[in-house]
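Quick note: this note's numbering has the sequence shown finishing at residue 438, numbered continuously throughout.
Encoded as structure tokens, the structure appears first; notes follow it.
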Amino acid sequence: MIRAFTVRFHTREDAGAAYEDALQHGQVARITVVHDRIVLTHANSNEIPGFLPFSLPPSDGGKYYAVTVGREPGVFSSAAGIHSNIINIPRNRCVKYNTEEEARADVIGALASGHPVKVVREVHVENL
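See the structure below:
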């Protein structure tokens with residue numbers, strides 16, 4: 311019977327050392343290294359949904375959402391899709407506001423401080 315285990319290491323060196331130790335004890339046949347890198351790039355205001363100079367129609371009880379760290383930063387008039395925009399994003403940021411002006415002010419403030427951040431996840435797999 312073949313059993314598989316998944317172990318997370320912070321460095322390639324730590325993974326290699328654990329592999330060598332397991333290999334010496336006959337506990338491993340191969341190892342797969344997954345390079346998981348999160349790239350953070352400052353979004354440009356032309357790329358921010360809901361940031362163009364027009365009003366969004368409220369569709370979620372009149373609430374607006376400012377996502378300043380997520381897959382698609384911007385101002386949104388519905389909670390639909392917000393979860394998938396920020397799930398598994400370290401230090402994601404989404405705030406609910408009563409008015410569109412408050413949500414836009416949050417995004418403008420984020421722009422002034424070097425945000426919003428658009429998070430792109432890249433995964434590379436290498437077998438040893």
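Ideal Cβ placement from N, Cα and C applies to all residues, glycine included.
Check: Between which two residues does the beta strand (DSSP E) harbouring G380 extend?
Finding: The residue you call residue 380 lines up with position 70 of the sequence shown. Counting along the chain, the beta strand (DSSP E) containing G380 begins and ends at 374-380.
Notebook entry, point to check: Taking C-alpha atoms, which residue in K406, L333, Y374 lies nearest to S387?
Noted result: Here residue 387 corresponds to residue number 77 of the sequence shown, with the count starting at 1. The shortest C-alpha separation from S387 is found at Y374.
Notebook entry, point to check: Below 8 Å between beta carbons: does that hold for A332 and F319?
Noted result: By one-based count along the sequence shown, residue 332 stands at place 22. By one-based count along the sequence shown, residue 319 stands at place 9. With contacts defined as CB atoms closer than 8 Å, A332 and F319 fail to qualify as a contacting pair.
Notebook entry, point to check: For the candidate residues V429, T316, V338, whose alpha-carbon lies nearest to that of P400?
Noted result: Counting from 1 along the sequence shown, the entry for residue 400 is found at position 90. Minimum Cα distance to P400 is reached at V429.
Check: If you check the beta carbons only, do A376 and D416 fall under 8 Å apart?
Finding: Within the sequence shown, residue 376 is the residue found at index 66, counting from 1. Within the sequence shown, residue 416 is the residue found at index 106, counting from 1. Yes, the pair counts as a contact, with Cβ atoms nearer than the cut-off.
Notebook entry, point to check: According to DSSP, is V429 helix, strand or coil?
Noted result: Within the sequence shown, the letter at position 119 stands for residue 429. Strand, per DSSP.
Next item on the list: Return yes when the Cβ of N402 is within less than 8 Å of the Cβ of V385, no when it is not.
Entry: Stepping through the sequence shown from its first residue, residue 385 is reached at position 75. Stepping through the sequence shown from its first residue, residue 402 is reached at position 92. It is not a contact, given that the beta carbons lie outside the stated cut-off.
Check: What residue range is occupied by the uninterrupted beta strand (DSSP E) comprising G384?
Finding: For the purposes of this step, residue 384 is identified with residue 74 of the sequence shown, where counting begins at 1. Where G384 is concerned, the enclosing beta strand (DSSP E) stretches over 384-386.
Next item on the list: Please specify which runs of the beta strand (DSSP E), each continuous and at least 3 residues long, are wholly inside the segment 387-414, giving them in chain order.
Entry: 403-407
Next item on the list: Measure from the alpha carbon of N395 to the alpha carbon of each residue in I418, N408, G419, V427, then state which is nearest.
Entry: Your numbering for residue 395 matches position 85 in the sequence shown. Taking N395 as reference, the option from I418, N408, G419, V427 with the minimal CA-CA separation is V427.
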